[in-house]
Amino acid sequence: MAAISLVCGLGNPGAQYEATRHNAGFWFLDALALTCPLPWRPETRFFGNLADTRLANQRVRFLKPGTFMNECGVSVAAVCAYFDISPEQVLVVHDDLDLPAGTVRVKQGGGHGGHNGLRDIFAKLGSREFIRLRIGIGHPGNSDDVSDWVLRKPSPEDKEAMLDAVARAVAQIGRLVGGDLEPVMKVLHTEQEGKS
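Residue numbers (my numbering): -2 to 193.
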């Protein structure tokens, strides 16, 4: 696997969305910033906030799109075009309805599963071949309730489970950006199986 040059966490901008399920990608970046310095700066040309640091002996950029979720692809594509980053060198961290809260999974490629952020990245980047770090948020049980579900705060129990998943993923960031996905999958996927 290629080493990762861009890590993008997905979420919606604004204080009213900070604690919602849909902002799990931002949660990941916020937790990561507690363990390694991420000097965020607003970048209008990239439609968001960008941080640049060295991690696992390589230069890695971190992105928080400043657009709403369904338009985040413009931010990802702008960074990739400017720095000549291929889709295979991109890690996108996002919430996932198909996984229970507390679950975290890594995969490359695949569909968008109804996630509007992924859908827009597909369209703007012209590829599905980026790496995904999927943070489970659970499903409301009825597809009609999905929009409200992702934009609401999780229960205290689900929030604790999600933060635990984020912490386990953050612990693997060195291997993730190094492109060493197989052992990361083994650790993260096995840890969750051991909890169930």
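For glycine and all other residues, C-beta sits at the position ideal for the given N, C-alpha and C.
* **Pick from Asn139, Ile134 and Tyr79 that is closest to Glu154, judged by C-alpha positions** => Nearest C-alpha to Glu154: Ile134.
Worksheet entry | Selected residue, minimal CA-CA separation from Asn113, among Gly70, Val101 and Cys77 | If we check each option's Cα against that of Asn113, Gly70 comes out closest.
**Beta-bridge pairing of His91 - partner residues as DSSP gives them** = Its beta-bridge partners are Arg131.
Task: Three-state class that DSSP yields for Lys61 in the structure shown - done: Strand, per DSSP.
Pick from Pro62, Thr50 and Asp27: whose alpha carbon is nearest that of Arg42? Its Cα nearest to that of Arg42, the residue Pro62 stands out among Pro62, Thr50 and Asp27.
(Q) For Asp92, which residues in the same chain have their Cβ closer than 6 Å to its Cβ, ignoring the five residues on either side in sequence? (A) Cβ within range, chain order: Arg18, His19, Ala21, Ile132 and Ile134.
What are the residues that DSSP puts in a beta bridge with Asp49? Paired residue(s): Arg58.
- Item | Own chain residues within Cβ distance below 8 Å of Ile244, not counting five before or after | Any property of residue 244 remains undetermined from this structure, which presents the chain solely from -2 to 193.
Near Tyr14, what residues of its chain come up, given a Cβ to Cβ distance below 8 Å and the 5 sequence neighbours on each side ignored? Cβ neighbours of Tyr14 beyond the five flanking positions: Gly8, Asn20 and Leu148.
In whole angstroms, what is the alpha-carbon distance linking Gly108 and Ile170? Those two C-alpha atoms are separated by around 24 Å.
ask   = Just how far apart, CA to CA, sit Pro84 and Asp117?
value = Pro84 and Asp117: Cα-Cα distance of roughly 14 Å.
- Task: Measure how close the beta-carbons of Leu60 and Val73 come, nearest whole angstrom, since I'm counting them as under 8 Å.
- Result: In this structure, Leu60 and Val73 form a Cβ contact; the two beta carbons are roughly 7 Å apart against a cut-off of 8 Å.
For this session: Verify whether the separation of the beta carbon atoms of Ala243 and Thr100 is less than 8 Å.
Result: Since the first residue shown for the chain is -2 and the last is 193, residue 243 is missing from the structure and cannot be characterised.
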